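Note sheet for the following structure.
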Ligand SMILES: [Zn+2]
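Spelled out as C-alpha cells, the structure:
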C-alpha cells in the first residue's frame, strides 16, 4: 500500500471528489482507506437495553484508487514510487519533486 495512516490525501473520484482529508485507517486486504470527514454516512443505531436509539455519523471506506497522496514537499496531489534506500529501508518518493515522503 502506498498510502499510510495519517497521510494527507486528495479524493479524486466519487461525490467527495476534490476534498482533502487525513487517512484514519488503511485496510490492506481490501485495498481501501478511511479518510477523516470524507464519505460520511449516517447509521441508525437501535436502542439496546438502557441505551437510547441514536444516529451516528461514520466515515465509509473507499477504494485506494480514489485517493491521491498529497506530497508534503510540493503540496501537489501526486503519484509516488517506492524506492529501496541504501540502508535497505523502503521509501516513497514523489514523482513530481523527487523528494522522499515520510
Ligand atoms: Zn512532491
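In the numbering used here, the protein residues as written are 242 to 343.
We put the beta carbon where it would ideally sit given N, CA and C, even for glycine.
Computed from a prediction, not measured in an experiment: that's the story for all the values here.
Judged by the Cβ position, residue 337 qualifies as a neighbour of ligand 1 at the 6 Å threshold, a heavy atom of the ligand being closer than this.
The DSSP-derived three-state label of residue 260 is coil. Here residue 257 is not near residue 310, since their CB atoms are 7 Å or more apart.
Residue 329 and residue 306 have their C-alpha atoms some 27 Å from each other.
For residue 302, the uninterrupted beta strand (DSSP E) segment begins and ends at 302 to 304.
For residue 285, the CB stays at least 6 Å from every heavy atom of ligand 1.
Leaving aside the five residues that flank residue 304 on each side, the residues in its chain whose CB is nearer than 7 Å to its CB run, in chain order, 272 and 273.
Boundaries of the beta strand (DSSP E) around residue 282: 281 to 286. Shown here, residue 299 sits in a strand according to DSSP, grouped into three states. Distance between residue 283 and residue 269, taken at the CA atoms: about 25 Å.
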